[in-house]
Amino acid sequence: MARSPGPAGESVSIPSSPLPQRRRRRAAGSPWTPYLFLAPAVLYLVIFQLVPLLQEVWLSFTKTTLLNPNFNVWVGAANFQAVMANPAFRQTLLTTLVYVTACVVGSVGLGLLVALLLNGRFPGRAVARSLVTVPWAAPGIAVALIATWMFNPQFGILTRTLRAVGIDPGPNGVLDNPRLALAAVLATTIWQLVPFVSVVLLSALQGVPQELVEAAQVDGAGRWMTFRVVTWQVLKPTIGLVAVLMTIWSLRRFELIWLMTRGGPLGSTRTLVIDLYAQAFESKQLGTAAAVGMVGIVISLIVIIGARLVARAAAKEA
Amino acid sequence: MRQIRFGVTARALAVLVVLGLAIFPVYWMFVTALAPDEELFRSTSVNLLPDFSRFGIFGDALADGRVARWLLNSVIVAGGTTALSIGLGIPLGYALSRFAFRGKAAVGLALLFTQMLPEALLVVPLFAVFRRFDLLNSLHGLILADTAFALPVVALILKGAIDGVPRELDEAARVDGGRPPTVLARIILPLIAPAIAAAAVIAFFSAWNEYVFAVTFVFDKSLQPASVGVAGFIGEQDTSIQSIMAVGLLFTLPAVVFYLFAQRYVVSGMTAGAVKG
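So the sequences go chain by chain: A and B.
Counted the way our numbering counts, the first sequence spans residues 237 to 554.
Counted the way our numbering counts, the second sequence spans residues 19 to 295.
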């Protein structure tokens, strides 16, 4: 489009066009200014996040069913006691622990390896760095769809591969095998998380001072030594941050697990969020579901606060 | 010399293996969509190459009124979520970046805190609220729910971007008499346009992929977004696997393409939010 002359064009060419003199007043405006900018978004989040969250807290102390959600009977801590006394819930906690730990260790470990690999110089590096992020860009729903097809008991390419190397997942396939389902869900999750970790670590690797690496090598340090003394020290804070993010995200992950296994078979992939959803929409017990949700929130909070304390201690030490 | 050359080859091989692992599932979706039945359900061998003569299956998928409707609903919900969360996120990010005020730390912490709330936790109380305000079974209801989860991330990304704009620029404009909204619109927004685009990509595809609210709040088949439609294919027997994979790919490709563009900002925004929150 040709540039059109006229007032619009002129105002573009003078971006900071001064306003009339009478507007000259205290630069920062009134002390209320930030709150005016803040108000719409904060109000929105209060209505759609805080209020429902508080309702959920309250629900966790009541007996409420999905069929009659407005009829609530206050039961105190009974939901929490019932949840804790249930051996199936201990299984859920253990599954959650295994799932989250494996997600964090797997994604951070492999992500670091991929980042180091892509950090070097080689032809086509830019293309490689873009393509490697495809798993993270793919929508979780589509990932669940393709994973269930690849794990299809009869025709899935991964099932065939497993059979070819001598692992027989049984007639109903990997996702219906209590000993393999969690591993399959984990492999899919980690496949999706690794690119995110490696992109974050790649950008942190740009902060490794090249002089220090060279100095270490001049001093006769081997590759491993150089990595430990220089690279690792620079990456440490970022790795800590990514590990916390991975923990929180894995604690709340729902679609991928739900669509692949619904928490089964035999509860072998039933994490806290799956349990929460199943309690609400399958058992129709909203109070129990809310109590399960509160357990999850407390765990997430402990992780966040714990990570902050560790980071603060590390900063003090340095 | 020989050792160095070997190192380069080993690295190239490792990179190829990693790329293969990263891309294979999406590629396999493509191959499956184009494969004839006899090849898909043959137990002896596997054909790893796509059969381009069957490319028309993607056209058939789009011509299916149901699929077109899903994608259209998703575009509406995701577009609305993007507009709303950017509209609310810009002033919030600006306030967090440029002003000192009481409660600032609490707001930052609250934005981080929302990252740990699962949709499955809030879906029950939100359902009750939505019923009271007649927002169930509607696309605008989904926009309102999805925005609640997109907004914090958007605001943190935009705050990070505004932090990167030198304060001297807007202070100069303010001394010249520009009031904060003018400074924001005239000076800051044009400078952070790439970050706004990245935040828009994130907001759009978080709603594009949203499942829990969509499957719970919408009952009419004609109002279902593609996330629910695609998820419904899992375990379904009536539709051919080729058509399912074709639709799945149509649902996946926009996200992959846009994320490749926005990747750099997405990463810096997400980590910045978590560091400073």
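Backbone N, C-alpha and C fix where the C-beta goes; we use that ideal spot for every residue, glycine too.
Beta-carbon neighbours of residue i, restricted to chain A and to distances below 8 Å
i                 : result
Arg29 of chain B  : Leu353, Gly356 and Phe358
Ala249 of chain B : Ile377, Ala380, Leu381, Glu491 and Leu495
Phe235 of chain B : Simply none; closest approach about 13 Å.
Per-residue burial, residue i [other beta carbons within 10 Å of its own, 16 or more giving buried]
i                 : result
Val528 of chain A : buried
Ala118 of chain B : exposed
Lys239 of chain B : exposed
Arg506 of chain A : buried
Leu481 of chain A : buried
Arg261 of chain A : A caution first: Arg261 of chain A carries a pLDDT of 43, below 50, which makes its placement in the model too unreliable to give a value.
Gly266 of chain B : buried
Met461 of chain A : exposed
Gln574 of chain A : Any property of residue 574 of chain A remains undetermined from this structure, which presents chain A solely from 237 to 554.
Phe273 of chain A : buried
Glu447 of chain A : exposed
Gly121 of chain B : exposed
Phe148 of chain B : buried
Thr424 of chain A : buried
Phe231 of chain B : buried
Pro43 of chain B  : buried
Gln257 of chain A : Note that Gln257 of chain A scores a pLDDT of 43, beneath 50, so its modelled location is shaky; the value from the coordinates is reported in the next line. Gln257 of chain A comes out exposed.
Asn306 of chain A : exposed
Pro212 of chain B : exposed
Gln442 of chain A : exposed
Per-residue contacts from residue i into chain A (C-beta, under 7 Å)
i                 : result
Asn227 of chain B : Pro375, Gly376 and Ile377
Tyr112 of chain B : Phe273
Leu176 of chain B : Chain A residues near Leu176 of chain B: none, gap ~11 Å exceeds 7 Å.
CB contact below 8 Å: residue i versus chain A
i                 : result
Phe59 of chain B  : yes
Gln281 of chain B : yes
Ala168 of chain B : no
Thr50 of chain B  : yes
Gly126 of chain B : no
Leu278 of chain B : yes
Val93 of chain B  : no
Thr257 of chain B : no
Ala81 of chain B  : no
Ala163 of chain B : yes
Thr270 of chain B : yes
Gly266 of chain B : yes
Ile210 of chain B : no
Ile252 of chain B : yes
Phe231 of chain B : no
Within chain B, partners of residue i - CB distance below 7 Å
i                 : result
Val531 of chain A : The premise fails here: Val531 of chain A is roughly 11 Å from chain B at the closest Cβ pair, so nothing lies under 7 Å.
Val370 of chain A : Ala40, Ile41, Val44 and Val274
Arg548 of chain A : Residues of chain B passing the Cβ test: none, with the nearest at roughly 13 Å.
Interface residues of chain A facing residue i [CB-CB closer than 9 Å]
i                 : result
Pro109 of chain B : Leu272, Phe273, Leu274, Ala275, Pro276 and Ala277
Ala146 of chain B : Pro288, Gln291, Pro305 and Asn306
Beta carbon proximity, residue i to chain B, threshold 8 Å
i                 : result
Ala318 of chain A : no
Val410 of chain A : no
Ala244 of chain A : With a pLDDT of 35 at Ala244 of chain A, under the threshold of 50, the modelled position of this residue cannot be trusted; read the value that follows with caution. No, its Cβ sits nowhere closer than 8 Å to a Cβ of chain B.
Leu281 of chain A : yes
Ser343 of chain A : no
Gln285 of chain A : yes
Val484 of chain A : Per the sequence presented here, residue 484 of chain A reads as Ile, with Val not at that position. Interface residue, yes.
Arg396 of chain A : yes
Arg415 of chain A : no
Leu289 of chain A : yes
Trp310 of chain A : no
Leu522 of chain A : yes
Leu471 of chain A : no
Closer than 8 Å at the beta carbon, the chain B residues around residue i
i                 : result
Glu292 of chain A : Leu139, Leu140, Val142 and Pro143
Under 9 Å from the C-beta of residue i: neighbouring residues of chain B
i                 : result
Ser366 of chain A : Leu278 and Gln281
Arg488 of chain A : Gln133, Met134, Leu135, Pro136, Glu137, Ala138 and Leu139
Amino acids of chain C, ordered along the chain, whose beta-carbon sits closer than 7 Å to that of residue i
i                 : result
Ser536 of chain A : The chain inventory of the structure shown lacks chain C, comprising the protein chains A and B.
| task | Note down, one range per segment and in chain order, each alpha helix (DSSP H) of at least 4 residues found wholly within the region 329 to 370 of chain A. | result | 361 to 367
| message | Whether or not the region 270 to 278 of chain B and the region 369 to 379 of chain A are in contact is what I'm after, with contact meaning three or more pairs of Cβ atoms, one per stretch, closer than 8 Å; do they touch? | response | yes
| said: My parser needs the alpha helix (DSSP H) runs of 4 or more residues fully inside the region 382 to 460 of chain A; what are they? | reply: 393 to 400, 417 to 441 and 446 to 454
| Contained alpha helix (DSSP H) runs [length at least 4] in the region 215 to 289 of chain B, N- to C-terminal order | 230 to 235 and 244 to 251
| task | Indicate whether the contact test is met: 3 or more Cβ pairs, each with one atom in the region 533 to 549 of chain A and one in the region 306 to 322 of chain A, closer than 8 Å. | result | no
| task | Examine the Cβ distances between the region 124 to 143 of chain B and the region 153 to 171 of chain B and report whether three or more of them are shorter than 8 Å. | result | Yes, the region 124 to 143 of chain B is in contact with the region 153 to 171 of chain B.
| field | the region 430 to 437 of chain A contacting the region 351 to 368 of chain A, beta-carbon criterion three pairs below 8 Å | value | A contact between stretches requires three or more CB pairs, one per stretch, nearer than 8 Å, and the region 430 to 437 of chain A meets this requirement with the region 351 to 368 of chain A.
| query | Is the region 121 to 133 of chain B in contact with the region 197 to 205 of chain B, if contact means three or more CB pairs nearer than 8 Å? | reply | no
| At least 3 beta-carbon pairs within less than 8 Å: the region 99 to 108 of chain B vs the region 209 to 222 of chain B | Yes, they touch.
| message | Using a Cβ distance threshold of 8 Å, determine whether the region 509 to 525 of chain A contacts the region 485 to 493 of chain A, with at least three qualifying pairs required. | response | These segments touch.
| Stretch-stretch touch, CB-based, cutoff 8 Å, three pairs: the region 187 to 197 of chain B with the region 236 to 254 of chain B | no
| query | Does the region 84 to 94 of chain B touch the region 64 to 75 of chain B, meaning 3 or more C-beta pairs lie closer than 8 Å? | reply | no
| If you pair each beta-carbon of the region 32 to 42 of chain B with each one of the region 363 to 371 of chain A, do three or more pairs fall below 8 Å? | yes
| task | Would you check if the region 462 to 481 of chain A and the region 275 to 295 of chain A touch, i.e. whether three or more CB-CB distances between them fall below 8 Å? | result | no
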